[in-house]
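Below you'll find the structure, written out as structure tokens, and then a few comments.
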Amino acid sequence: MASPHILVFPFMAKGHTFPMLQLARLLLRHGATVTLITSPGNRPFISSCLSDTTVSIIDIPFPQDVQSIPPGVESTDKLPDISLWPDLLAATKLMQPHFEEVIESLPRISFMITDCFLGWTLDSAIKYSIPRLACYPMGNFPLCLEHLVSEGRFVAGEDGIKLADFPWIKLKREDFEPIFIDPEKVKGTKAYEITIEQFRANSKSHGMVYNTFYELESVFNDFWNSKIGPRAWCLGPLSLAEPQKIKSANYQTPWWISWLDQMREAGKPVLYVAFGTQVEISQAQFREIQIGLEKSAVNFLWLVRKNASELDEGFEERVKGRGIVVKEWVDQREILEHEIVRGFLCHCGWSSVMESICAKVPILAWPMMWEQPLNARMVVDVAGVGLRVEGCNGFVESEALAKAAKELMEGSAGEEVRKKAEEVGGAAVIAVEEGGSSWKALDQLINELHT
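Sequential numbering of the sequence shown, starting at 1, is according to UniProt numbering.
Here it is in structure tokens:
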């Protein structure tokens, strides 16, 4: 029998693209032939990421005359404002005729895995009798809870909301986006209409695949498969599919890695601070972060991209010797895997959570948007691999940040979650190895759909 041929189509956002590129690598390891669809503007990046693989990459035209999206913009990180993501997503529908031309030109496709945002690909899948799986770059936990809340299966009280199916989980209304907890507020908006459209398409698909592992979310994966559906497979952590980088003869160690090496030699644990590529941080909040890190007295490596010009004059000099600010692109996995990095202050984007778990580094959770508050609940209250930064109406003051950072790095609660991170991280590594739960799940999925 010929090897399975799998069509992969990521959405044009780094947080969605990276996990699907990693998934493509896993599919190859399981003996599949993989064809990946993208747009011309995203092809160079994807080609460079997969240059050492046999993945076939095909680009199809991205519409260039979309109102509100500047010509040449084909990914969310290039948008002038992140609020325009629904416009970019809506524009992808115009790629459908070209997508179907590709399907017609390719050898027989066993099944397709397309991003959860690309719900319109279900119509093409049905047209050509190809099973379609929706790929979620996140865990089962938030989707389970969002589904229950959207169906009204909760009781609201002064101290938050309680789900009948998971009464032990502490939740607040603000943990959920309005579309789930108060849809009347957003009904009629482009974001609402397009999100509902995606959920409907995904619920009618053959199944869903997640960037998580069964041991972390067994309760929620089992609940989803028995009570909600369609069937979900846990295939992660997908970041572990990335090969370890081989340093060439002319490799130059980045200066921040050299600094971490120096901190290791001095026996000074470091807190890594990064908030992803999409998060918008106000000037007032950025200033509180600076003050908080300075007050905390912990050692830190702070990745600053968008707000670099807002750094206080003299800040870097004042924290010299125990803290650095990095403004360049970094290999986050390399930083997290450095043995002196003992904590990660992050926004709880799921890819970052998975990378931190795989590196066995505890998390200081500071969710900022989308499903991140639910990811933080998973990290802190369910998995027990992190602590929470406490804020008021989304704003965190310097004192709260300093206190939380110190507790994670030096306190008893920090030591407790560090031990748990070690345990959960070990389970993550085993899950993707041959014979592990994620490895078996992918084998099962391929065998089921490749006939």
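By construction, the Cβ of each residue, glycine as well, lies at the ideal position given by its N, Cα and C atoms.
Rounded straight-line distance, which links the Cα of Met-368 to that of Asp-381
Straight-line spacing of the CA atoms in Asp-381 and Met-368 works out to 17 Å.
Check your understanding: Would DSSP call Thr-121 helix, strand or coil?
Key -> DSSP places Thr-121 in helix when its eight states are reduced to three.
Let me know if Arg-132 comes out buried or exposed under the rule of 16 or more other beta-carbons within 10 Å of its beta-carbon.
Around the beta carbon of Arg-132, 16 or more other beta carbons lie within 10 angstroms, which makes this residue buried.
Give the C-beta separation of Leu-122 and Ala-191 to the nearest angstrom, bearing in mind that I take them to be a contact with Cβ-Cβ under 8 Å. Not really, about 20 Å apart at Cβ, beyond 8 Å.
Given 8 Å as the limit, is there contact between the stretch 308 to 328 and the stretch 280 to 294, that is, 3 or more CB pairs closer than that?
-> With a cut-off of 8 Å on Cβ pairs, the stretch 308 to 328 is in contact with the stretch 280 to 294, counting three or more such pairs.
query: Less than 8 Å separating the beta-carbons of residue 493 and Leu-21?
result: The shown model of the chain, from 1 to 451, leaves out residue 493, and the question about it has no answer.
Taking the alpha helix (DSSP H) that Ala-428 falls in, what are its first and last residues? Following the DSSP letters along the chain, one finds Ala-428 inside the alpha helix (DSSP H) bounded by residues 412 to 432.
- Query: Roughly how many angstroms separate the alpha carbons of Glu-288 and Lys-295, rounded to a whole number?
  - Reply: 10 Å
### Task
Kindly indicate the opening and closing residues of the beta strand (DSSP E) around Ile-57.
Start and end: 56 to 59.
Measure the C-alpha to C-alpha separation of Phe-111 and Arg-318 and round it to an integer number of angstroms. 56 Å
Neighbourhood of Phe-154 by C-beta distance below 6 Å, restricted to the same chain and skipping five residues each side: Ile-161, Leu-163
Going by the beta-carbon positions, is the gap between Ile-109 and His-5 smaller than 8 Å?
yes
Exercise. Should the stretch 350 to 365 be called in touch with the stretch 399 to 409, which here means at least 3 C-beta pairs below 8 Å?
Worked result: Cβ pair count under 8 Å is three or more, so yes.
So for Thr-38, helix, strand or coil by DSSP? DSSP places Thr-38 in strand when its eight states are reduced to three.
In this structure, does DSSP put Asn-211 in helix, strand or coil? coil
- Query: Counting only runs that start and end within the stretch 156 to 186, where is the alpha helix (DSSP H) found for 4 or more residues in a row?
  - Reply: Taking only runs of at least 4 residues, the alpha helix (DSSP H) segments lying wholly in the stretch 156 to 186 are 178 to 181.
| task | Select from Pro-183, Ile-37, Leu-374, Gly-321 the residue whose C-alpha is nearest the C-alpha of Trp-256. | result | Gly-321
Along the alpha helix (DSSP H) that carries Arg-231, what are the first and last residues, could you check?
-> Careful: Arg-231 lies outside any alpha helix (DSSP H) and carries neither H nor E.
According to DSSP, is Leu-235 helix, strand or coil? If DSSP states are grouped into helix, strand and coil, Leu-235 belongs with coil.
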